[in-house]
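Beneath this line is the structure, given in structure tokens, with notes to follow.
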Amino acid sequence: MAHSMITRRMFLKSMVTAAYILALPSTSSGMDSVYVFVIDSSRCIGCGACVRACRAENEVPEEKYRTWVERYVVWMENGVEKVYVESPEGGEHGFDEVPRPPNLLRAYFVPKLCMHCQKPPCVKVCPVNATWLNEEGFVLIDKDHCIGCRYCIQACPYGARYFDEEKHVVDKCTWCYHRVKRGLKPACVTVCPTGARIFGKPDDEVIAKRLKDPTIKILKPELNTKPKVFYQQIGWEVW
Amino acid sequence: MKHVVRALALFILILVVFIGGIFVLNSLGEEIYPGYADRLMGVSGHYGMDRNQKELLKEPKYTGKEYCRECHQKEYELSEKGGHKFDCETCHGYGGGHPPKDMGVENTREFCLNCHKPVLGRSDYRLLEDWESHGYLDRPCTVCHDPHYPWFG
Chain A
13 MAHSMITRRM FLKSMVTAAY ILALPSTSSG MDSVYVFVID SSRCIGCGAC VRACRAENEV
73 PEEKYRTWVE RYVVWMENGV EKVYVESPEG GEHGFDEVPR PPNLLRAYFV PKLCMHCQKP
133 PCVKVCPVNA TWLNEEGFVL IDKDHCIGCR YCIQACPYGA RYFDEEKHVV DKCTWCYHRV
193 KRGLKPACVT VCPTGARIFG KPDDEVIAKR LKDPTIKILK PELNTKPKVF YQQIGWEVW
Chain B
57 MKHVVRALAL FILILVVFIG GIFVLNSLGE EIYPGYADRL MGVSGHYGMD RNQKELLKEP
117 KYTGKEYCRE CHQKEYELSE KGGHKFDCET CHGYGGGHPP KDMGVENTRE FCLNCHKPVL
177 GRSDYRLLED WESHGYLDRP CTVCHDPHYP WFG
């Protein structure tokens, strides 16, 4: 009896050890194959060229946006930071003058797009596996397979997805996968006149330099979605 | 009492196997996403076409400025000299299907002011502070400035 007791303990011990050994290599991952997008808010002039280019390149329907530009105006009022955010027509036709508040602290433009998260909540909720994260870090949609249930639109914390009423499927920014695979840059990056948007691998020279900026931020880090769009020179009010 | 101990031991064993399973899947470099199921079955995508390849059926429209250079060498080199060295398609629109497609640009003050008007939020990126009185108000900017190289001299 005592003999068999020891073998059971040995068995359990070996099970735990095996699980531990198998868990060890899980820390390594091929980060070099993944693309990132870096946006410098201080360079963005809010001309809307990116929004127009995206619409033309991807045939985005009217009043829907794969990328859009927001303007943040922050001023001080009785020791409290007041924030005004606007995005008229997604910034497609540029921005017009607004009254300057007294005690203006900062005002800047923030281009938004799909974050292509490394842990995408939209992928987790899809009931038919119509959306996925591929090896290069793109979150894509199979529009023949999408049933248009719109769960992913609700799951996305960044509001990146929209519903295509005509085709009855969900669509979103693909980081211009069809262009990147042909050696081109995404359409919005191509037309940006000030270099506010750049795209590439993290070890590219320009990307690596910008990623070293200590002001760099990701949006909603507390959600652990691991977004791959990085922002420079933005305040706490952007999220 | 013996039964309770045995049931507890069995429960712990099942727990260890489940946690071990999660660690094994993690060690394969894959979180438990639905996308994994496809590869587990040894099939790549639906209907015989890779689902990533399907996205490539779309043809690019924006060609990049090297495409423009093939014919418009003069304008290309002129723009490379100054601050307007961004892509031709920023102002002209996409170049895909261009030889028949018209690449004309709206020649108005408003078109230039879309970038050069000093609206709130814009940093001092070649902004025209006196835009309301600068130049001839009834004529386009291109009367004085070459849009490919807007500086004088």
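As you go down the protein sequences, you meet chains A and B in turn. Note that my numbering numbers the first sequence so that position 49 is 61, with each residue one more than the last. Note that my numbering numbers the second sequence so that position 31 is 87, with each residue one more than the last. All C-beta atoms, glycine included, are put in the ideal place defined by N, C-alpha and C.
| Asked | Found |
| --- | --- |
| Name the residue from TRP251/A, VAL250/A and ILE246/A whose alpha carbon lies nearest to the alpha carbon of ARG55/A. | ILE246/A |
| At the 8 Å Cβ level, is LEU66/B part of the contact set with chain A, yes or no? | no |
| Less than 8 Å between the beta carbons of LEU79/A and PRO169/A, yes or no? | With the sequence shown as reference, residue 79/A is identified as Thr, and Leu is not the correct amino acid for it. Their beta carbons are not under 8 Å apart, which means THR79/A does not touch PRO169/A by this criterion. |
| Could you check what DSSP says for LEU69/B in three-state terms: helix, strand or coil? | helix |
| According to the Cβ coordinates, are HIS140/B and TYR181/B closer than 8 Å? | no |
| So THR186/A contacts chain B; which residues on that side make the cut at Cβ distance below 7 Å? | GLU111 |
| Quick check: TYR118/B and ALA199/A, are their CB atoms within less than 8 Å of each other? | yes |
| Does chain B have any CB closer than 8 Å to the CB of HIS190/A? | yes |
| Taking only the alpha-carbon atoms, compute the straight-line gap between PHE74/B and VAL28/A and give it to the nearest angstrom. | 11 Å |
| Beta-carbon of THR19/A versus every beta-carbon of chain B: anything under 8 Å? | no |
| For VAL182/A, tell me which candidate among LYS197/A, ASP216/A and VAL140/A has the shortest Cα-Cα distance. | VAL140/A |
| Taking a contact to mean a Cβ-Cβ separation below 8 Å, would you say GLY267/A touches GLU104/A in this structure? | Shown here, chain A extends from 13 to 251; a query on residue 267/A therefore has no answer. |
| Note down, in chain order, every chain A residue with its Cβ under 8 Å from the Cβ of LEU69/B. | LEU24 and MET27 |
| Take ARG195/B as the anchor and find which of ALA63/B, GLY77/B, GLU162/B and ALA65/B has the nearest alpha-carbon. | GLU162/B |
| Check for me: the alpha helix (DSSP H) holding LYS114/B runs from which residue to which? | Careful: LYS114/B lies outside any alpha helix (DSSP H) and carries neither H nor E. |
| In whole angstroms, what is the alpha-carbon distance linking PRO239/A and MET159/B? | 37 Å |
| Can you tell me where the alpha helix (DSSP H) with LEU169/B in it begins and where it stops? | 165–172 |
| Check whether the segment 170–179 of chain B and the segment 115–128 of chain A touch, using three or more Cβ-Cβ pairs below 8 Å as the test. | yes |
| Could you tell me if THR19/A is buried or exposed, where buried requires 16 or more neighbouring beta carbons within 10 angstroms of its beta carbon? | exposed |
| What does a CB cutoff of less than 7 Å around PRO233/A pick up in its chain, not counting 5 residues either side in sequence? | none |
| Any idea if VAL61/B is buried or exposed, counting beta-carbon neighbours within 10 angstroms, 16 or more meaning buried? | exposed |
| Rounded to the nearest angstrom, what separates VAL250/A and GLU166/B at their Cα positions? | 30 Å |
| In chain B, which residues lie with their C-beta within 8 Å of the C-beta of LEU125/A? | Within 8 Å Cβ-Cβ: nothing; LEU125/A doesn't reach chain B, min ~16 Å. |
| Let me check one thing: in DSSP terms, what residues is PHE208/B bridge-paired to? | DSSP lists no partner for PHE208/B. |
| Restricting to Cα atoms, I'd like to know which of VAL201/A, CYS126/A and CYS204/A is closest to ARG173/A. | CYS126/A |
| Taking Cβ-Cβ distances shorter than 7 Å, what residues in chain B pair up with PHE121/A? | GLY177 |
| Give the residues of chain A in contact with GLU145/B, contact being defined as C-beta atoms less than 8 Å apart. | ALA65, THR202 and VAL203 |
| Let me know the secondary structure DSSP gives GLN244/A once reduced to three states. | strand |
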